[in-house]
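2 protein chains.
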Amino acid sequence: MSTIKGRRSDATKEAILAAARELFASDGYERATIRAIAASAGIDPAMVMRYFENKEKLFAAAAEFDLRIPDLAGTPLDQIGARIAGHVLDRWDGDETLMALLRAAVTHQAAADRMLEIFATQLGPAVLAIAPDDAATRAGLIATQVLGLALTRYVLRLPPVTAMDRDAVVAWIGPTLQNYLTGPRPGVD
Amino acid sequence: MSTIKGRRSDATKEAILAAARELFASDGYERATIRAIAASAGIDPAMVMRYFENKEKLFAAAAEFDLRIPDLAGTPLDQIGARIAGHVLDRWDGDETLMALLRAAVTHQAAADRMLEIFATQLGPAVLAIAPDDAATRAGLIATQVLGLALTRYVLRLPPVTAMDRDAVVAWIGPTLQNYLTGPRPGVD
DNA sequence: CTGACATGTCAACAAGTGTTGGCCTACACT
DNA sequence: AGTGTAGGCCAACACTTGTTGACATGTCAG
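Residue numbers (the working numbering), protein chains in the order written: chain E, 1098 to 1286; chain R, 1098 to 1286.
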C-alpha cells in the first residue's frame, strides 16, 4: 500500500462529504437522508456507514468549519465593522458548510452546540482582542446581526434582503457591527 | 345542537392546537410527530386527522399568527427603535407560535412562506407609514436584526445573548432598529 | 327506549428511515 | 498463477412515520 498517494477511497469519502454538505445545507438534518446523500455521491448507502460510522458522525465531519476571521490588525479601527460585514458575505457565498450548520442547528442539538462552539472559540477571541471590556456581550450582539443576516438572506430568502447587493449590505450592516464592537456601552443615555 | 355554547370538540381541538404549537416550537416541523402531539394532548392520533385533515394543515392552523405591531403614532420618532425592540421581546416570550414558525421555517418551505408573508403584510406596512422611502429595504433590515436576535436568544441560546436582561437588549438593539428605520441611507459617505 | 350523530379508540397499512451482514469484484503482491 | 484485501453492492432488519377505515362509546332528541 502506497501511503504516499492518497488511497482511492479518499476520493469517494470526499464525494460523500461534499454531497452531505450540499444536502444538509439545502434540507436540514432530518430531511437529508443517508440514502439521498449516497445517491447524490453516486454510491451505495452502506458505503456511508463504512466510512462514517453513523449519521451523527457524518454530520460532525461535514460540519467541520473555520470562520477564517481575517487579521484585523492592519484595518483602521473605524472600518472593522464594514470589513467583517464583507467577510461574512464572502464566507457565506463560498462555502455551503455554514448553511448546513445553520439549517441543522435549528432542530438538531449537536449542530447547535457546534455552532455555539464555533462562535465561542473563533469569534469570541477576535472580539476580545479589540474590545476587551464587555467582549462576550459584544460578540453575542455581533452574532445576533450576522446570523440574522444569514437567516433572512440565505435561508428564508426575504425578498428585500436578497435584493440588496453586496455594497448595500456592507453599508447598512457594517456600522451596526462597528457599533456593537467599539461603540459606547449604552444605558447611561 | 346548541350553537350558543361551544361544542365539546372545540375543547379538544384547542388542546391539539396547543400541543402542536408546543411541539412544533421545541422540535421543528419534522421531529414534531402527529403521534407525539396527540399523546401530549391526551388523545388518539386519529383525532388529529379528523379535525385537521393532515399534518400540513395542522401546522398551518397552529402557525396562525399576528405580530401585533403596536400603534407607533404616539411614540416620539426617536424612540421607535427601542419600542420595537421591547415589543419583540414581549411578543416572543409570551407566545410560542413565533418559535414554532421560526423553527419550522428553516426546513419547511410552507412555513418559510408563511413567515415571509407575515413580515410582508404586517411589518412592511408599518415601516411604510414611518419611512416611505426605501421602506422595503428598511423593513428587511429590521427583520434581519429582529430574527437574528430571536434565533440566537431563543433557538440557539447563545450564552452572552441569553445572559442580557431585557433592558440591556433594548438599549443595544433599539438604536440599531432606529437607524434602520429612520437613519440616513448610507453610501454617499 | 330507540335511534342518530358526534366523539373517540384500535389496529393496520404503505412508505421511508438508519443500520447491518453477507456477498461480489478488482486489484496488489508474491 | 494464486491469494489477500480494500472497495463496493444488495437485500434485509427493526422501527417510525403519516394516514385510513372499521368499530366502540357517549349524548341528546323523539
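Using N, Cα and C, we set each Cβ at its ideal position, and we do this for glycine too.
First and last residue of the uninterrupted alpha helix (DSSP H) at residue i
{"i": "F1156 (chain R)", "result": "K1152 to A1159"}
{"i": "H1184 (chain E)", "result": "I1177 to G1191"}
{"i": "G1121 (chain R)", "result": "It should be noted that the sequence gives Phe, not Gly, for residue 1121 (chain R). Counting along the chain, the alpha helix (DSSP H) containing F1121 (chain R) begins and ends at R1105 to R1128."}
{"i": "P1222 (chain E)", "result": "G1221 to I1227"}
{"i": "V1145 (chain E)", "result": "P1142 to Y1148"}
{"i": "R1165 (chain R)", "result": "Taken as a continuous stretch (DSSP letters only), R1165 (chain R) belongs to no alpha helix (DSSP H), as it is neither H nor E."}
{"i": "L1213 (chain E)", "result": "Q1206 to I1215"}
{"i": "T1194 (chain E)", "result": "T1194 to A1202"}
{"i": "R1132 (chain E)", "result": "I1131 to A1138"}
Classification of residue i by the beta-carbon crowding that lies within 10 angstroms, buried from 16 upward
{"i": "L1174 (chain E)", "result": "exposed"}
{"i": "A1116 (chain E)", "result": "buried"}
{"i": "Q1275 (chain E)", "result": "buried"}
{"i": "R1180 (chain E)", "result": "buried"}
{"i": "S1099 (chain E)", "result": "Unreliable positioning characterises S1099 (chain E) in this predicted model, as indicated by a pLDDT of 35, which lies under 50. The coordinate reading is nonetheless provided below. Its Cβ having fewer than 16 others within 10 Å, S1099 (chain E) is exposed."}
{"i": "P1256 (chain R)", "result": "exposed"}
{"i": "A1236 (chain E)", "result": "buried"}
{"i": "G1125 (chain R)", "result": "buried"}
{"i": "R1118 (chain R)", "result": "buried"}
{"i": "T1130 (chain R)", "result": "exposed"}
{"i": "R1254 (chain R)", "result": "exposed"}
{"i": "G1139 (chain E)", "result": "exposed"}
{"i": "L1278 (chain R)", "result": "buried"}
{"i": "A1170 (chain E)", "result": "exposed"}
{"i": "R1132 (chain R)", "result": "exposed"}
{"i": "R1263 (chain R)", "result": "exposed"}
Nonlocal neighbours in the same chain, by C-beta distance under 7 Å from residue i, ignoring five residues either side
{"i": "A1122 (chain E)", "result": "E1193, M1196, A1197 and R1200"}
{"i": "R1282 (chain E)", "result": "D1231"}
{"i": "P1272 (chain E)", "result": "G1178"}
{"i": "I1270 (chain R)", "result": "A1182, Q1242 and L1246"}
{"i": "T1204 (chain E)", "result": "G1125, Y1126 and E1127"}
{"i": "W1189 (chain E)", "result": "L1195, A1247 and Y1251"}
{"i": "E1153 (chain E)", "result": "A1207"}
Chain-order list of residues whose beta-carbon lies under 6 Å from that of residue i (same chain, five-residue window excluded)
{"i": "A1209 (chain E)", "result": "A1202"}
{"i": "V1258 (chain E)", "result": "T1249 and R1250"}
{"i": "V1185 (chain R)", "result": "V1243"}
Proximity test, residue i beta-carbon vs the ligand FAD heavy atom, cut-off 7 Å
{"i": "N1276 (chain E)", "result": "For the ligand FAD, the structure offers nothing, since it holds no ligand at all."}
Neighbourhood of residue i by C-beta, 8 Å cutoff - its chain only, sequence neighbours within 5 removed
{"i": "A1159 (chain E)", "result": "L1114, A1117, R1118, F1121, T1194 and A1197"}
{"i": "A1157 (chain E)", "result": "A1207 and R1211"}
- Report yes or no: do the segment 1230-1250 of chain R and the segment 1222-1242 of chain E share at least 3 C-beta pairs separated by less than 8 Å? Yes: the two stretches touch, three or more of their Cβ pairs being nearer than 8 Å.
- Would the segment 1158-1166 of chain R and the segment 1214-1229 of chain R be scored as touching if the rule is three or more Cβ pairs under 8 Å? Enough Cβ pairs lie closer than 8 Å, so yes.
- Complete beta strand (DSSP E) runs within the segment 1230-1264 of chain E (minimum length 3 residues, chain order): Restricted to the segment 1230-1264 of chain E, not a single beta strand (DSSP E) segment is unbroken, complete and at least 3 residues in length.
- Message: With three or more beta-carbon pairs closer than 8 Å as the criterion, would you say the segment 1139-1150 of chain R touches the segment 1105-1112 of chain R?
- Response: Of all C-beta pairs linking the segment 1139-1150 of chain R to the segment 1105-1112 of chain R, three or more are shorter than 8 Å, placing the two stretches in contact.
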